[in-house]
Amino acid sequence: MERRSKEIDYKMSSMPPSKLPNLIKRLSWAIESSEQWKWERRIVAERLGSSDADTTDCLNFFVPKDRSQDISITLVVGRRAGFDLIYEAEVAIIRV
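Residue numbers (our numbering): 1297 to 1392.
What follows is the structure in structure tokens.
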């Protein structure tokens, strides 16, 4: 059996602010293309006979105890869709 790794290969940041509106428009599509999204729908369909799952774990919200700190939101998106977003966002790529 092949071992799967969640080890980070690259980090991207420093996106031009002008790219943000288009990125936001495409996030729903990118999330829905993820294996996580598809798995959640498949499980609900198998168990309940419906593909309309009422929740998703494709978004995670991290709220620091320190109220002066910003909240972080992470998204799970499909690999191909994620690469498309990275390319379109023109972010700086840093090898970790």
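We treat Cβ as the ideally placed atom computed from N, Cα and C, and that holds for glycine.
Owing to the predicted nature of the structure, the values given are computational and were not obtained by experimental measurement.
The alpha-carbon of Asn-1318 is positioned some 15 Å away from that of Phe-1379. In the three-state scheme derived from DSSP, where H, G and I count as helix and E and B as strand, Arg-1363 is classed as coil. With distances taken between CA atoms, Val-1373 lies nearest to Ile-1320 out of Arg-1299, Arg-1300, Ile-1320 and Ser-1310.
In the DSSP annotation of this structure, the continuous segment of the beta strand (DSSP E) that includes Ala-1388 starts and ends at 1388-1391. The beta carbon of Arg-1322 is closer than 7 Å to those of Leu-1381 in its chain, skipping five residues each way along the sequence.
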